[in-house]
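One structure is given below, encoded as structure tokens.
Residue numbers (this note's numbering): 122 to 227.
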């Protein structure tokens with residue numbers, strides 16, 4: 122692949138990490154940043170591609186916990202749960218939000 126914005130490699134890596142904790146995805150100028158960034162320069166004719174790969178289970182678990190916290194502050198529950206699932210899978214962190222589904226099924 123040679124034309125993509127961000128590539129997430131491996132089961133331990135997820136888009137939510139890129140959005141919330143790794144920092145290579147969705148880094149866009151905001152709050153007037155266009156005043157001092159941008160303009161025509163040679164780099165605009167180059168294609169920059171990035172990728173993320175979390176190889177260690179403990180690292181994915183730690184990122185999952187951090188991702189859950191950061192995403193919930195911004196009220197992105199789906200992103201938070203994506204991090205929670207990896208924290209549960211790789212470190213045994215309990216998934217408190219699954220209790221709701223257990224009571225619904227009963």
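Think of the CB as a built atom: it goes at the ideal place given N, C-alpha and C, for glycine as much as any other residue.
Around the C-beta of residue i, are 16 or more other C-beta atoms found within 10 angstroms, so that it is buried, or is it exposed?
i: residue 220; result: exposed
i: residue 131; result: exposed
i: residue 168; result: exposed
i: residue 143; result: buried
i: residue 199; result: exposed
i: residue 138; result: buried
i: residue 184; result: buried
In chain order, what residues of the same chain lie with their CB nearer than 6 Å to the CB of residue i, ignoring the 5 residues before and after it?
i: residue 205; result: 189 and 216
i: residue 175; result: 133, 134 and 181
i: residue 209; result: 216
i: residue 201; result: 189, 192 and 193
Can you check DSSP and say which residues form a bridge with residue i?
i: residue 129; result: 173
The alpha helix (DSSP H) that contains residue i, what's its start and end?
i: residue 181; result: 178-194
i: residue 217; result: First-last for residue 217: undefined, no H or E at that position.
Between which residues of its own chain and residue i is the CB-CB distance below 8 Å, once the five residues before and five after are set aside?
i: residue 179; result: 211 and 212
i: residue 177; result: 133
With a threshold of 7 Å on Cβ separation, who are the neighbours of residue i within its own chain once the five nearest residues in sequence on each side are excluded?
i: residue 191; result: 141 and 142
i: residue 161; result: Any answer about residue 161 is weak, because its pLDDT of 46 lies below 50 and its placement is not dependable; what the coordinates show is given next. The answer is none, since no qualifying residue turns up.
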